[in-house]
Structure formats: structure tokens, C-alpha cells
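Protein chains in written order, with the numbering used here: chain A, 5 to 217; chain B, 5 to 217.
Protein chains: 2
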Amino acid sequence: MRTAILIFEGLTVLDAVGPYEVLRSVPGWEVSFVAPEAGVQRADSGALGLVADYSLEEVTDPDIVLVGGGAGNRPLMEDERVLEWLRSADSTSRWTTSVCTGSLVLGAAGLLEGKRATSHWLFLERLREFGAEPVSERVVEDGKVMTAAGVSAGIDMALNLAALAAGEETAKAIQLGIEYDPQPPFDSGSPAKADPKLVQQLRGQLSDQLRDG
Amino acid sequence: MRTAILIFEGLTVLDAVGPYEVLRSVPGWEVSFVAPEAGVQRADSGALGLVADYSLEEVTDPDIVLVGGGAGNRPLMEDERVLEWLRSADSTSRWTTSVCTGSLVLGAAGLLEGKRATSHWLFLERLREFGAEPVSERVVEDGKVMTAAGVSAGIDMALNLAALAAGEETAKAIQLGIEYDPQPPFDSGSPAKADPKLVQQLRGQLSDQLRDG
């Protein structure tokens, strides 16, 4: 299985690296990092660069295509070259997937029309703009489209994908290999569980960002 | 708080990126990626490159130092320049930390002598070679030394660290921001929970690797 992970300037790195670490561990699978232009893509934090070995034109018909999130993916939503690459990849893919706000890019490419999908909780409702039905779940599967909630949800999505495409035994071995036995010190990982004040605070920060930038 | 994450050729990327995504989200904190030589470090999979903006000499006295794992850290355990950098960083750090087999590098630098520590479950017992007491827990704190179990455990460690150093409210807000509400599809993330056959299989693969190379 050939997986193409689309990265870009201003990505949220864990969106891409969480699923990468799972998918690259499936025996025989191959993962490639692709960007509008090959080379170093700086993270949204500015503190890290990730190398895309391939430009869009160098990666055609991947079996799995994955788009992550981060403020840097907003320009992609208006970049016809990127959107056309996604539509073309989707036309032959076995799975078309996203993590976090990567689903907005899939939506902008027209690939979520009439589909159930998820996104980072702060952006979930925006999926409606693309004809998708927002679903507040960690991993949402609709046909061959699989979408994950915010940032860390890509790890769970990739384990689901590995189980479906390579078998449960393989997925379980990978989970053991990356010792994924999560023990967060708090139960604050979703708007349904976190202190409503924190939820409000993050919604406020987002509004400020959208207004300012 | 200035955090230095040591990366290197052949790293397991999620070891570094999991905690990075948490620590870079603490308001006012700064994360730098450091390597023996600045520039692109290829992952253990070969499929991805991470950019270290700084060489060892360019980063002195970080407040937090973090070392990740991956087969590529074995040469570091005999690289006196790296070990001396770690000892020097530790002499002034507020926290000295590791993820996965990064604890073996801390051990090789002499920083785990007499301390409780953890590592990837496959390598846990090796901590004894460095005078440490292996502890089969996901995150282990002993004084200012904090060690995490395999790969994905760095996310939990970083949330603990953020809570200790910046307050629980901050850590909870970050958990909500990265939507860390883990829902692995299986309960196979530790040797105590996984099918014993899988545990045996991974131990066998490790023995093969050690024998062959």
C-alpha cells in the first residue's frame, strides 16, 4: 500500500506524524511525504521543519492519501493545483483520509459532498460549507473516506485503517510497538469532557485569530 | 522555558513530535530542535526528514532537555561529544527528560545512576546497565528526571511536565487544543495488555535485529 501524506508550510506536525508512525509500521507499506513544492515545510510553530521528498507531480495514484491540518492549510483550500491533485488521487485511491482541519481541504476539493465527516472540534461546523454532515466522533468512516478529529486523533484513525486494510493482528502489533496505551493525566481532551470555561476560552481565541488574520 | 529536543539520524519521529506538540503550545515556551550536526535528520523509516535548526554547540543551558528514541540513538551512546552535551545541559536544566529508548542515552551519559526510570518495554531491563532502577510505568519522575515509556508515551509525559511547570489549567487547555481524547480501537498498547503471542513475536524480532546488526 502506497501512502501519500500531504504536508505544507504551516502544518500542525503531529497531524501528519501520528498516522505516519502507524502506517509506516505496516509490513510492506510505503509512506511518502508530498508538498506543493518538494523540500522543507516549516511547522505552524515555526520551530521545526519537515522535509517533503516529493512534489505533487511526482506522486500519482497513491493507495492512501492523507491530509493534515494547521493554519497553513487555509491557502491550500484555494489552490486549484492542490485541489485537482486531491481529486485525481481520490479517483484511484483505496482510502482518502484527513486529520484535524485537513477535512476542510478535502471538502474544498469537493470530496466530502453528502458524506459524514469530522474535523478539529473548533472547525467541525464548517464542514457544512462543503456539503458534508459534521459528526462529532473521533474517527468517521464513510465509504472510502476516513476523517479524524483534532491533531492526536490521527493515531487512532491510522490504527483503524491499518486494521481494515492489513488485519487486526497487524494493527495490534503496531499498537504494542509504539506502546500506545494512553494515560493522559487529565480528562480534558474533548469539548464534551473539558471544563466549559476552557472550551469557551479556546473558542474565543479562535474568533480573535479569525478576526485578526 | 527553553526546551531543547535532541534529534539525530535514525530517530523515531513520534518520540520527538508527540512532546513537541504539547510543549510548543505552552504560552511563552520556546522549543528548539538540536542535533549533533544541524540540518536534516532522516527518520528510522527513511521516509521522512526532520530539520534540526541547531547544532549542539549552539544550544547551551536549556531549561528542559529531551532525548527521543529510535535505532539511530545507539551511536549516540558512545559519542562523547553528545554525552558531554547532555551532562552539561543536565547540570543547569530544570528538567532532564526522555521518551522511549532516549533513556538509554541519558543512562550512557551517567544521568540515571540510582534513579527510577522507564523506557520502551522491550528495552526496559537495559536501564540496569546504567545503574538505574527500571520501572514499568508510562511516565516516571525522579527528582528533575522524567522518563516516558515507548514512542507515544511522550505525549503523556509532556502533559505531565506542562502541568508541573505551567499549571494544570494550561495543560488541560493544551489537551483540549490537540483534542487528546484517545480512543485506540484495541487494548494492545502494553505487554501487560496485549496478546502474549504478540509480545513474544516482538521480543523475537528484537533478538533477530540485535543478532543481525
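Built from N, CA and C at the ideal position, the CB exists for glycine as well.
- For Asp94/A, the uninterrupted alpha helix (DSSP H) run begins and ends at 84 to 96, by DSSP.
- The way I'd put it, the region 39 to 50 of chain A doesn't touch the region 163 to 179 of chain A; fewer than three beta-carbon pairs between them come closer than 8 Å.
- Residue pairing of Tyr58/A in beta bridges, as defined by DSSP: Val38/A.
- Taking C-beta separations shorter than 6 Å and ignoring five residues to either side along the sequence, the partners of Asp191/B in its chain run Lys197, following chain order.
- Residues of the region 57 to 90 of chain B with a C-beta atom less than 9 Å from some C-beta of chain A are Asp57, listed in chain order.
- Identification of residues in the region 183 to 195 of chain A having a C-beta nearer than 9 Å to some C-beta of chain B yields Glu183, Tyr184, Asp185, Pro186, Gln187, Pro188, Pro189, Phe190, Asp191, Ser192, Gly193, Ser194, Pro195, given in sequence order.
- For Lys197/A, the neighbours in chain B by C-beta distance under 9 Å run, in chain order, Leu180, Asp185.
- In the DSSP assignment, Val143/A forms a beta bridge with Ala152/A.
- Judged by DSSP in its simplified three-state form, Arg46/B adopts strand.
- Per DSSP, Ile178/A is one residue of the alpha helix (DSSP H) stretching across 172 to 181.
- Taking a Cβ-Cβ cut-off of 8 Å, the neighbours of Asp160/B in chain A comprise Pro186, Gln187, Pro188, Pro189, given in sequence order.
- The beta-carbon separation of Leu115/A and Gly135/A, rounded to 10 Å, does not stay under the 8 Å limit for a contact.
- In this chain, the alpha helix (DSSP H) harbouring Ala20/A covers 17 to 27.
- Here Asp48/A really is in contact with Gly14/A; their C-beta atoms are around 5 Å apart, less than 8 Å.
- Val44/B has a beta carbon lying within less than 7 Å of a beta carbon in chain A.
- Within the region 124 to 146 of chain B, those residues whose Cβ lies closer than 8 Å to any Cβ of chain A are, in chain order, His124, Trp125, Arg142, Val143.
- Rounded to whole angstroms, Asp57/A and Met81/A show a C-alpha spacing of 22 Å.
- Out of Cys104/B, Ala75/B, Glu88/B, the CA that lies nearest to the CA of Ala20/B is found in Cys104/B.
- Residues Val103, Val143, Gly158, Met161 of the same chain have their beta carbon placed closer than 6 Å to that of Ala152/A, with the five preceding and five following residues left out of the count.
- Taking a C-beta distance under 7 Å as the contact criterion, Trp89/B and Lys148/B do not qualify as a contact pair.
- Distance from the CA atom of Leu128/B to the CA atom of Ser29/A, rounded to whole angstroms, is 21 Å.
- Around the beta-carbon of Glu183/A, 16 or more other beta-carbon atoms lie within 10 Å, marking it buried.
- What Lys176/A touches in chain B, judged by beta-carbon distance under 8 Å, is Phe190, Ser192, Ala198, Asp199, Leu202, going in chain order.
- For Val109/A, the uninterrupted alpha helix (DSSP H) run begins and ends at 106 to 112, by DSSP.
- Taken in chain order, the members of the region 7 to 22 of chain B whose beta-carbon sits within less than 8 Å of a beta-carbon on chain A are Thr16, Val17, Leu18, Val21, Gly22.
- Taking the beta carbon of Leu206/B as reference, the chain A residues within 9 Å of it are Ala177, Leu180, Gly181, listed in sequence order.
- The beta carbon of Val203/B lies closer than 7 Å to those of Pro195 in the same chain, with the five residues before and after it left out.
- Taken through DSSP and simplified to helix, strand or coil, Pro79/A comes out as helix.
- In the three-state DSSP reduction, Pro200/B falls in the helix class (H, G or I).
- Nearest CB-CB separation between Ser211/A and chain B: not below the 7 Å threshold.
- By the Cβ-count criterion, Pro200/B is exposed, with fewer than 16 other Cβ atoms from all chains shown falling within 10 Å of its own Cβ.
- By the criterion of a C-beta distance shorter than 6 Å, Glu137/B is surrounded in its chain by Arg120, once the five residues flanking it on both sides are discounted.
- In the structure shown, Ala51/B falls within a coil segment according to DSSP collapsed to helix, strand and coil.
- A distance below 7 Å separates the beta carbons of Val71/B and Gly106/B.
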